[in-house]
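Participant: Got a structure for you, questions after.
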Amino acid sequence: MDNSLRGSTVVVTGGTRGVGAGIARAFAEAGARVLACARRPPEHQVDGVEFTAVDLRDPPAVRAFFAGLPRLDVLVNNAGGTPYRRLADADADAERHAKVIELNLITPLTASLAAYEHLRRSRGSIVMVGSVSGGRPSPGSAAYGAAKAGLANLAASMAVEWAPEVRVNTLVAGMVHTGSSHLHYGGPDGIAAVSRTVPLGRLALPADVGAAALFLASDAAAYISGASLHVHGGGERPAFLDAATAGPDVPDAPTAGKEG
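In this note's numbering, the protein residues as written are 15 to 274.
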């Protein structure tokens, strides 16, 4: 087992619920001191995780928080998210979309800049929590997808500028089963239907994302920087596979080398 994070100090933004709580728990179980930053306290306290109230959209508050830390080894920029909202919906004006971009792109930039001097001294690591929405069209969450695409590019640029002192990587998360999954996929039947589209047959759990974040921050990934690690269960099952296995109404596929 890699013990390189034992005794280290880790900040997880948005680390009080859902994916963030899973990440915070993974680092705590690895022996790190974990500070979970969010506006609201956690619903359930996790052993080894300390909560600090920080409005991550308030740059002076973010800078003050990091300035008050005696040490920092890992920053996990997890805070983010979006409601389902089409671009031209009546309640979806430019200001609302801008707030989504601010949360998912500007907030991680603000936290990373505030944490830089600490991480440079400790030769630490940043893990950006991205999304598969940043690599494909995202109808209903277009501003979110655009922000996550920008986040991956930002991380890659940071990895070059801040090397060799600070490693920066992106964890590209797929669909994760959390307490709010029903808001996106419906009830149990909807979640089961969505799960069948994933090659591994299920949605990720917060613990799956936590394990991947732990790896990227650890010495096991000491030569990995500027990378994007996809944690998505194989992605999405291509629709043509269903057609190809639909039954006798589907014509035989041509076979290489077969003569008529």
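Beta carbons are placed, not taken as given, at the ideal position from N, Cα and C, and that holds for glycine.
Remember, predicted model here, so these are calculated numbers, not experimental data.
1. Quick one: is V174 buried, meaning 16 or more other Cβ sit within 10 Å of its Cβ, or exposed?
2. Apart from the five residues just before and just after A157, which ones in its own chain have a Cβ nearer than 6 Å to its Cβ?
3. Please state the DSSP three-state secondary structure of T121.
4. Between the stretch 148–166 and the stretch 91–109, do at least 3 Cβ pairs fall closer than 8 Å?
5. Look up A218 in the DSSP assignment and say whether it is helix, strand or coil.
6. Jot down the residue ranges of each uninterrupted alpha helix (DSSP H) in the stretch 58–120, minimum 4 residues, whole runs only, in chain order.
7. Specify whether the stretch 20–39 and the stretch 214–227 touch according to this definition: at least 3 beta carbon pairs, one from each stretch, less than 8 Å apart.
8. Taking one C-beta from the stretch 241–255 and one from the stretch 60–69 each time, how about it: are there three or more such pairs within less than 8 Å?
9. Is N91 closer than 8 Å to F125 when the C-beta atoms are compared?
10. Counting only runs that start and end within the stretch 15–51, where is the alpha helix (DSSP H) found for 4 or more residues in a row?
11. Between T269 and the rest of its own chain, which residues show a CB-CB distance below 7 Å, the 5 nearest in sequence each way excluded?
12. Which of the three DSSP states is assigned to R181 in this structure?
13. Three-state secondary structure (DSSP) at S139?
14. Let me see if you follow: with CB-CB separation under 8 Å, is E175 close to chain C or not?
15. On the criterion of 16 or more Cβ atoms from any shown chain inside 10 Å, does R31 qualify as buried, or is it exposed?
16. For G144, tell me which candidate among E43, Y237, G204, G188 has the shortest Cα-Cα distance.
Facilitator: With the structure as the only source:
1. exposed
2. H111, V114, I115
3. Three-state result, T121: helix.
4. Flag = yes, the stretch 148–166 and the stretch 91–109 touch.
5. strand
6. Runs of the alpha helix (DSSP H) inside the stretch 58–120: 73–81, 108–115.
7. As far as the Cβ criterion goes, the stretch 20–39 touches the stretch 214–227, which means the pair count is three or higher.
8. no
9. Checking the sequence shown, residue 125 turns out to be Ala, not Phe. Result yes, Cβ atoms of A125 and N91 sit closer than 8 Å.
10. 32–43
11. In this predicted model, T269 has a pLDDT of only 39, less than 50, meaning its place in the structure is not dependable; the value taken from the coordinates is given anyway. Excluding residues within five positions, none has a Cβ falling inside 7 Å.
12. R181: strand per DSSP, three-state reduction.
13. strand
14. Among the protein chains of the structure shown there is no chain C, as only one such chain exists.
15. buried
16. If we check each option's Cα against that of G144, G188 comes out closest.
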